Every structure is written in structure tokens, then in C-alpha cells.
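**Student:** Residue 0 is where the sequence shown starts when you use numbering that gives the first Met the number 0, and the numbers rise one by one after that. Glycine included, each C-beta is placed from N, C-alpha and C at the ideal position. This one's a predicted model, so the numbers in the text were calculated from it and none came from an experiment. This is the structure I want to talk about, given as C-alpha cells.
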Amino acid sequence: MAPPRNVVKIAVQMPDAIPQLIQLDQAKPLAAVLKEVCDAWSLVHAESYALQFADGHRRYITENDLEAERLLGGLQSGSRERRRETLQHLVSLAPDVTFAQEVISRDGLQKLGTIIEDGDDLGEVLTLALRAFLELMEHGMVSWETLSIPFVRKVVCYVNMNLMDAWVQPLALRLLESVTLSSPALGQLVKSEVPLDRLLVHLQVMNQQLQTKAMALLTALLQGASPTERKHMLDYLWQRNLRQFIYKNIIHSAAPLGDEMAHHLYVLQALTLGLLEPRMRTPLDPYSQEQREQLQALRQAAFESEGESLGTGLSADRRRSLCAREFRKLGFSNSNPAQDLERVPPGLLALDNMLYFSRHAPSAYSRFVLENSSREDKHECPFARSSIQLTVLLCELLRVGEPCSETAQDFSPMFFGQDQSFHELFCVSIQLLNKTWKEMRATQEDFDKVMQVVREQLARTLALKPSSLELFRTKVNALPYGEVLRLRQTERLHQEGTLAPPILELREKLKPELMGLIRQQRLLRLCEGTLFRKISSRRRQDKLWFCCLSPNHKVLQYGDVEEGASPPTLESLPEQRKEDGAGVRISHLPSPVHPLSGDRVGGQPSLLPAVPVADIKALLTGKDCPHVREKGSGKQNKDLYELAFSVSYDHGEAEAYLNFIAPSKREFHLWTDGLSALLGSPMGSEQTRLDLEQLLTMETKLRLLELENVPIPEQPPPIPPPPTNFNFCYDCSIAEP
């Protein structure tokens, strides 16, 4: 008897198994056939296996061919219920690439497009049809450019309708976004027929999915527009309060911000900042009357010109000379500021920032310029040079002019918190730069170092994504130079793996020994002594005085020193204690001179040549010192407070003070730490912390090298002598043999 016509014999093979010849009943479901094959090889979970042709194309055998044909037939059914069920099944199978190929090859997209264009049912059927259409198009087998204009216009109608199913419009917006990004011609059609006001309406609907898809289409339209069109569109959207709405109702919404919305906000921020690129790429034109007037306005906002204050009595040459001098005070490197602004980037964008700062923060601008104009030349922070370099830095950190990433979500909420966000950020940053300059006590040679620290301060704060400019200002000002150094050190230790638990335990055991070493160094520094400048209550004086600790750490000795003289030795001090075996003998000397004011304490001979350590009661610093306590809290005295310290001690029945103004911040830390160690108090200065960290790092590395049996010599290797002949080079023109 002949076998049925729907039964065929096929060979089935599997790696590392004996092939089997089976009779395949084509009427049976494929799942049942797979179950029988797996049972013959004692394989469980038959649903995890599939049949594949063993010839060249290696395609899998599926039932999708028949399923695709059946479903496409169901799309043309006159029954609404059957079409709905067919579309539901089609949506579930559309993500499978093999099934999608079969549907597309059988004109499935055209049949779905007919349902969408007809729009007989604006509810669930249309929603399913749009979803199935999008799933099939996502495979990339058919270009979006092949869609017809009537079809796109019909989808546009669904977006522009007022009363529409909540699921239809997000899908329609998603389809138009893909069309806009993929086809410039159809994108122009969408741009002309979908008003910006309509997208604003969708953004204001409290439906997160609809908001996200409306924002996606908006950013797609902005990306497809020319720079001029994009500027007009963004200006219009900002006038319609889009920025405020995003900030209040999307960024600060109670619902969490989705990844897709975060990406579109990043794109919107990047496109907005991209409007600054033309100014960033345009150098200043020295022949432009408008730009020359802007430079003069910048100068006049900072200085009242001598020529202007005296009227027109000055000659033209004298007036030009005054202007050139004021531009140099303003921080331009050249007397003609146009030469400084020829650099691109930042070009005219730096001038825009400086003008914005002078007009919107005039007090801070004047304070910045005048404060630095009154400093010594090498210590002044040049406003113009700093502004130009800071503008370049902000453009780099914010990636101004760079193309948008397709996946990034790195937007800053504060950029939607106020208008002119870039210029406002510059105003905060330029004041931060001046603050950091003073903290570092920088000179002109340190300009690049200061900019590196400011870059780190801005980058670290931007990474925190502050929600407002005020919060950014607070956080960045809470990151001073000392904190940046600490963070750098911590990160370096993490990178070197020196913060592992065993290493931390070793560091804790090493701390007492190293703190003792630092204490010893501080006391030795006090024994070496330091020259201090006398400061009267009226003005700074040129007189100097010298103070040191005796070698046995029992007495602080001091005396006057002539200007330009080298520091005296201990035995040459005019006011000293002579020590013998019986104790301390005080020599009779003229009345002592107050080390701060230079005034004599009394007219009679005094017995106060030095200060015994045993009589010292306390160490005072800053505003607690008596010689700066009554100088007021003006900013001109801030540096004085930071360098002032005093020693209070018993002088008979009264309390006396030895007052100091340190020559530098480092000397201040060394002396206050040394005096604290002398009095048995902890040394808590920033310098001690840095020294301890450096010693801990070095000692830890040495201990680790010892564990690896690396020999460490007792003496450092000798420094090789310098070369005697410096006339050497490598001739690159000589070919190798």
C-alpha cells in the first residue's frame, strides 16, 4: 500500500549522535514532530530545539510560512472581530525576523497601510495596525523613504486630531519620528504639516508615553532643520515657555524620568548649546564698528577713564594711551584686544560672555577687575585672559558644536532652569576661577595650573547633575582647592590599589610613627627660626623681626633684624636667655619692642628677653588674635586673618601676647603645627594632612617592595654628571641600511 502523499521520509542528524530516518507527516504540527525526534534521542525540553536545513542556506524550518499566509488573509476579512484577532496575533509574531520576511514578501505592509489609511476604526484596530506596521518596519528590510505621501499625511491627521484614542497618537508620533529621521523629503512634509503648537499640546498632556513620543518627534524635526530654521524653532519654543514646562512638569515630575525621555532632553540641550557654535567659530573683526563699541563698553563698565572724567581736555594720543592701559588692566594680553579674540574657539563667544557678566552682574564684574588691578602685577588674575580660556573650557565640558550621540542621556537639569544658561554658568565659573586663584596664591606663571583645577572643579560638579544653577553654585564653591587635592590623592590611591583592607590596616599602624616624624620636623623648623614682618595699626612696615625656638625646646627667643640682613643666629639675638647648670639667668636689656607695632612696651629696662614655653597658655589664630581682632571684617583684611597667629603667656600677674603675621600660608601651617606640638595639642593643619598622606604612601610602597624581595638601598643612587657636549641630534634624513 502506497504511503499517503503528505508523508515524506527525511534524515535528521544531530552532532555526536546517530542520524535517524523518520517519516514526516506534513499534516502534523511541527511541535509534535520535534517531540517525536527528541524522544528518539531521549532529549528533554523539545520546545528548545528546531529543525534546520543541512544544505547551503541553513534556514530553519518553521510554520511561519503558512501562518503568515493565514494571517494576511484574515486582514482582508469583513469581520471586525476577526481582523482584531488577526492583528493581535500579527503583533505578537512580527518581532520574529523570519516571520517578518514572509509577511513583507506577501505585501503585508501594503495591507496594513490600507487599514491605517482607511481609518474606519480609530480605536483598537487602528492601534494594532500601527503597532504591527512599526514592528515590521523596525527590521530594516524596507526603507522609510518608500512610504507614500498620502499614507504619511494620514498619520499626520491622527497626530493633529483633538479626540483620539490614547494609544493611537503615541504610535503615530513614533512613526512620524522614524520618517523624519530617515527621509529628508518626508521629514519636510511632516515639518510643514505638524505645527509646533500641536507638539506643545501633546507635551502638556499628563501622559508620559505621549509626552515622550512628542518630544522624540520634536527633537527629530530640530535635527532635520537647517541651523537658521533650528534657531527660529527654538526661539519660538522658548517664547512659548517650553523650557519652564520641561523643568517643572517633566524633570521634576513625580513620575521617574524614563531613559528615552532623558535621551531626548540630552538632544534638546545639545541642539540648544549648538546655537553657540557660530559665535564660537567666528573671530573678532577689528573693522566691525559694533564689536569695537562692545569692547569699549566692557572697558567703560570697569573703569572711569581719566579722559572721560576730565572731559575732552586730553589729546587723542593721550586718550588712546589711557584706553590701551585700561585694556591691559582688564586682562588682555595685547593693548589691542582684538588680537586676543582672534583665536577660535572661543572667538566672539568669549566677548559675549564678558559682556553678559558685566551687564547682568555689574557689582561682581567691577569687584573682580578692581580687586585684581590693586594686586601686584604677578599676582593679579587677568579677567580677559581668564574669560577667554574659561569659555574654551566650558565649550569642551559641554561639548558645544559636537554631533549628538544616538544613545547618550547625559543632560543637565539646570540648563532647563533658566534662560541664557551658558552665560549664567560662565558668570558662576569666572567668580569661581577668581576664588581658586586666591586660594592657590597663584601668579601669572601658575595660570595653566589654576585652569586645570577649575576644570576639575567644574567637571566634578557637573557630573553631580545639580537641579538648579544655585545648587551648582553652592556645590562648586564647596569644592575648594584643598578638597580637589584630597580627591585627587584618594582617587590615585584607589587606582593603585592601596586602599585594600590589609593596606588600610598597615597605614593605620604606620600613622603614629609618621606623625612623630612630622612633629620632629615641625620643631626643627621652629628651631631654625623665621623672619616676620612688623605690621602697625596704620600700615605695613619694612621692619623685620626674627623668632626661633631654643634647641632644648624651652624658650621662644626673638629680636629685631635690619631690612635686607640675613636671619641671625641664636647667640646673636639681642634679647636672649643665657642658660647654665643652675638655671636661667636673664640679662638686663632696654625695654622690649612690640613685634607687631614696633612701639616700646615701657620706658624702664625690662626683664622680658624671651618667652618660656612653660608659661605659654594658648595658641590663637585668625580673628581670635588680639592684633587683628579690632581691624574690622573688610575684605582687605582677609589675607591678614589667614596668616595671623598669637601666643598667649603669663607675664607676672598679667597675660601677654607674642603676635605673628606669617610670611606665607605654608609658614603659617609650619609654625602653628610646631607650636601645637610644643604645647601637646594635635597638629590639624592642611599641610600636616598632606605631609602625612605623602609619607604614608611612600612608606606603604616601600613595605610592599620589601614583601616582593626588592632590595632597597640605604643611600640614593648618585646623580650622573651632566653631559659635556650638548651639540647632538638625530638626523632623520639618513636612511637606515
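F644 and L618 - do their beta-carbons sit closer together than 9 Å?
**Tutor:** Yes. Within cutoff.
**Student:** To which residues does DSSP link P611 through a beta bridge?
**Tutor:** P611 pairs with V554.
**Student:** Hey, how far is the Cα of L522 from the Cα of Y480?
**Tutor:** C-alpha separation (whole angstroms): 27 Å.
**Student:** Suppose contacts are defined by Cβ-Cβ distances below 9 Å. Is L695 in contact with L396 by that definition?
**Tutor:** The answer is no: Cβ separation not under 9 Å.
**Student:** Tell me, to the nearest whole angstrom, how far the beta carbon of A128 is from that of I115; I am working on the premise that it is less than 8 Å.
**Tutor:** Right, their Cβ atoms sit about 5 Å apart.
**Student:** With DSSP run on the structure shown, which of helix, strand or coil describes K27?
**Tutor:** It is coil, neither helix nor strand.
**Student:** What beta strand (DSSP E) runs, 3 residues minimum, are completely inside the segment 258–284?
**Tutor:** Runs of the beta strand (DSSP E) inside the segment 258–284: none found.
**Student:** Would you call the CB atoms of A219 and L175 closer than 9 Å?
**Tutor:** Yes, these two residues count as a Cβ contact at 9 Å.
**Student:** Threshold first: 4 residues or longer. Then list the alpha helix (DSSP H) segments lying entirely within the segment 465–492, N to C.
**Tutor:** Counting only runs of 4 or more, we get 468–476.
**Student:** Using a Cβ distance threshold of 8 Å, determine whether the segment 385–404 contacts the segment 414–426, with at least three qualifying pairs required.
**Tutor:** Because the criterion of three Cβ pairs below 8 Å is met, the segment 385–404 and the segment 414–426 touch.
**Student:** Around the C-beta of E325, are 16 or more other C-beta atoms found within 10 angstroms, so that it is buried, or is it exposed?
**Tutor:** By the 10 Å Cβ count, E325 comes out buried.
**Student:** Consult DSSP for Q75 and reduce its assignment to one of helix, strand or coil.
**Tutor:** It is coil, neither helix nor strand.
**Student:** Please state whether DSSP places F98 in a helix, a strand or coil.
**Tutor:** In the structure shown, F98 sits in a helix (DSSP, three-state: H, G or I).
**Student:** Is C394 helix, strand or coil by DSSP?
**Tutor:** Helix, per DSSP.
**Student:** Any idea what DSSP makes of W544, helix, strand or coil?
**Tutor:** Of the three classes helix, strand and coil, the one that applies to W544 here is strand, per DSSP.
**Student:** Can you tell me where the alpha helix (DSSP H) holding K8 begins and where it ends?
**Tutor:** Note, K8: premise wrong, no alpha helix (DSSP H); beta strand (DSSP E) at 6–11.
**Student:** Which class does N161 belong to by DSSP, given the choice of helix, strand or coil?
**Tutor:** Here N161 sits in coil by DSSP.
**Student:** By the three-class DSSP mapping on this structure, what secondary structure does E116 have?
**Tutor:** Helix, per DSSP.
**Student:** Would the segment 461–479 and the segment 648–665 be scored as touching if the rule is three or more Cβ pairs under 8 Å?
**Tutor:** Too few Cβ pairs lie closer than 8 Å, so no.
**Student:** Of all the alpha helix (DSSP H) runs that stay within the bounds of the segment 154–199, which reach a length of 4 or more residues?
**Tutor:** List check, alpha helix (DSSP H) in window: 167–181, 183–192.
**Student:** Below 8 Å, how does it come out for the segment 357–377 and the segment 390–405: are there three or more Cβ pairs, yes or no?
**Tutor:** They do not touch, by the three-pair rule.
**Student:** Any idea what DSSP makes of N658, helix, strand or coil?
**Tutor:** Here N658 sits in strand by DSSP.
**Student:** Taking just the CA atoms, how far does V368 sit from L274?
**Tutor:** Those two C-alpha atoms are separated by around 29 Å.
**Student:** Quick one: which unbroken beta strand (DSSP E) runs of 3-plus residues sit fully inside the segment 324–385? Chain order, please.
**Tutor:** As far as the segment 324–385 is concerned, it has no whole beta strand (DSSP E) run of at least 3 residues.
**Student:** Using beta-carbon positions only, say whether L347 and L340 come within less than 9 Å of one another.
**Tutor:** Against a cut-off of 9 Å, the Cβ pair of L340 and L347 comes out as a contact.
**Student:** Who pairs with T529 in a beta bridge, going by DSSP?
**Tutor:** Note: T529 sits in a beta bridge opposite C546.
**Student:** Return helix, strand or coil for D409, following the three-state DSSP convention.
**Tutor:** Correct three-state label for D409: coil.
**Student:** Compute the distance between the beta-carbons of F244 and Q208, then report whether it is under 9 Å.
**Tutor:** The answer is no: Cβ separation not under 9 Å.
**Student:** Tell me which same chain residues have a C-beta within less than 8 Å of the C-beta of V151, skipping the five on either side of it?
**Tutor:** Result list for V151: L175, V178, L185, L188, V189, in chain order.
**Student:** Look at the Cβ atom of A45, then the Cβ atom of K34, and state whether they are nearer than 9 Å.
**Tutor:** Yes, Cβ-Cβ distance for A45 and K34 is below 9 Å.
**Student:** Which residues in the same chain as E380 place their Cβ atom closer than 6 Å to its Cβ, once the five residues preceding and following it in sequence are excluded?
**Tutor:** Note that residue 380 is Cys in the sequence shown, not Glu. Only N371, N433, W436 meet the Cβ criterion.
**Student:** What's the gap between the Cα of L172 and the Cα of W166?
**Tutor:** Cα-Cα distance, rounded: 10 Å.
**Student:** Taking the CB atoms as reference points, tell me whether Q222 and L270 lie closer together than 9 Å.
**Tutor:** Yes. Within cutoff.
**Student:** Indicate whether the contact test is met: 3 or more Cβ pairs, each with one atom in the segment 679–695 and one in the segment 547–555, closer than 8 Å.
**Tutor:** Judged by Cβ distances under 8 Å, the segment 679–695 makes no contact with the segment 547–555, as fewer than three pairs qualify.
**Student:** Helix or strand or just coil, what does DSSP make of L233?
**Tutor:** Note: L233 maps to helix in three-state DSSP.
**Student:** Nearest-angstrom Cα distance between S362 and D284?
**Tutor:** Computed Cα separation, rounded: 29 Å.
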